[in-house]
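Protein chains in written order, with the numbering used here: chain A, 54 to 246; chain B, 25 to 210.
First comes the structure, then the notes that go with it.
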């Protein structure tokens, strides 16, 4: 009888251990969390400034009127938005002579142009300035199509079709304009980065 | 006469010995029980919330993982195992962007990997989230006290830009009792 009991005890011990192995495993967990805010960054424009030089013809039949000014290209390298639903906006300001003198008939103190920002959404963002001969209403703004994915790319800005209002004679002086490129949430995304 | 008396005395002695054997009795009640091998977390859950994961500014590193946010983060669980054969393992799961669906575009990341250590009873179990499943299971023995979980080596696959959104993950520490059969402490 004693022998039978001694044999039975180890069996019970094994059975107990097997239960412990499966039912008494303990797990603890550390939840790790963070977030990444929506962010758009435009690369530093290259070149940062554009100097088109002498804008008026100095000889020939168009002397005093705007000469043909070639396309100007600016690259904003490694521009990115880290979220879906971004767009490029362009605000272009015509080249206007830096004085406040009244313009005489037949003359213009502004040079208009078209600006196009591409390589972001499916179609470029185009805008054309429409300053008057006196330099009024020099600015124009346009917002392009939405980019549906996070994107990193070199945004290309083309400035083309330089022209004087009414092809008038250009007033002498120093002209300056400005192009502002904005990369941010599209219209449906709400806040502006 | 003398002989008769002697026999009588001897008979008394024999009778006395018989009475002594008959009166001695022992009853035994055996008591036994057992304590199963077991492990338990008494502080089973903690949270590491690091906020913004990406570097700010406008420089070349803007928008990429700020490794300082995760590396060195530590939380302390508490638990015990009562058997010498107990083991510990840890599983680090990658931080995944839960807001963005689909594969990230080229140049972007939606997954952050890291290493996790769990220190208990002077032994450390480790795992990396770059591979699925828990790391190597190691003996921890019987102990009661802290289980210190530490994060290190955070990284992304290509060092790309992090897609905006909420990133979550979990580090799971497992204490397994196994079968100890008694024995000394670790």
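Using N, Cα and C, we set each Cβ at its ideal position, and we do this for glycine too.
Rounded to whole angstroms, the gap between the alpha carbons of residue 186 (chain A) and residue 218 (chain A) is 5 Å.
Using a Cβ-Cβ cut-off of 8 Å, residue 201 (chain B) counts as an interface residue toward chain A, since at least one Cβ of chain A sits closer than that to its own. Between residue 200 (chain A) and residue 170 (chain A), the gap from beta carbon to beta carbon reaches 8 Å or more. Cβ-Cβ distances below 7 Å link residue 64 (chain B) to 103, 104 in the same chain, with the five nearest sequence neighbours on each side left out; the list follows chain order.
Its Cα nearest to that of residue 96 (chain A), the residue A:127 stands out among A:84, A:80, A:127, A:181. Only those residues of the region 112 to 136 of chain A whose C-beta falls short of 8 Å from the nearest C-beta of chain B are listed: 131, 133, 135, 136. Assigned with DSSP and collapsed to three states, residue 219 (chain A) falls in helix.
Per DSSP, residue 202 (chain A) is not a residue of any alpha helix (DSSP H), being assigned neither H nor E.
For residue 126 (chain A), the pairing in a beta bridge is given by DSSP as A:211.
Residue 85 (chain A) has a beta carbon lying within less than 8 Å of a beta carbon in chain B. At a cut-off of 4 residues, the continuous stretches assigned as alpha helix (DSSP H) that sit fully inside the region 70 to 154 of chain B are 91 to 94.
Spatial neighbours of residue 90 (chain B) in its own chain (CB-CB distance under 7 Å, excluding positions within 5 residues in sequence) are listed in chain order as 77, 78, 79. Taking a cut-off of 8 Å for Cβ pairs, the region 205 to 221 of chain A and the region 229 to 236 of chain A touch, as three or more such pairs fall below it. Per the coordinates, the alpha-carbon of residue 196 (chain B) lies some 23 Å from the alpha-carbon of residue 123 (chain B).
For residue 136 (chain A), there is no enclosing beta strand (DSSP E), as DSSP marks it with neither H nor E. Our two residues, residue 183 (chain A) and residue 165 (chain A), have alpha carbons roughly 6 Å apart in a direct line. The beta carbon of residue 126 (chain B) sits closer than 8 Å to none of the beta carbons in its chain outside the five residues before and after it.
Not a single CB atom of chain B sits nearer than 8 Å to the CB of residue 209 (chain A). DSSP, reduced to helix, strand and coil, places residue 169 (chain A) within a strand of the structure shown. At a cut-off of 8 Å between beta carbons, residue 235 (chain A) makes no contact with chain B. Contact of residue 77 (chain A) with chain B by beta-carbon distance below 8 Å involves 60, 61, 62, 63, 64, 201.
Taking a contact as a CB-CB distance under 8 Å, the pair residue 208 (chain A) and residue 129 (chain A) counts as one, their CB atoms being some 4 Å apart. Buried is the label assigned to residue 107 (chain B), since at least 16 other Cβ atoms lie within 10 Å of its Cβ. Cβ neighbours of residue 176 (chain A) within its own chain (closer than 6 Å, five residues either side excluded): 198. Fewer than three pairs of CB atoms, one per stretch, sit closer than 8 Å, so the region 101 to 114 of chain A makes no contact with the region 135 to 146 of chain A. Residue 174 (chain B) is positioned such that its CB atom lies no closer than 8 Å to that of residue 112 (chain B).
Here the C-alpha atom of residue 161 (chain B) lies approximately 58 Å from the C-alpha atom of residue 100 (chain A). Nearest to residue 205 (chain A) by alpha-carbon distance, out of B:119, B:141, B:130, is B:130. Contact with chain A is found for residue 69 (chain B), since one of that chain's Cβ atoms lies less than 8 Å from the residue's Cβ. CA-to-CA, the gap between residue 185 (chain B) and residue 121 (chain B) works out to about 12 Å. Residue 156 (chain A) and residue 172 (chain A) have their alpha carbons spaced roughly 39 Å apart.
Taking residue 190 (chain B) as reference, the option from A:158, A:102, A:135 with the minimal CA-CA separation is A:135.
Excluding the 5 residues flanking it on each side, residue 105 (chain A) has same chain C-beta neighbours closer than 6 Å at 122, in chain order.
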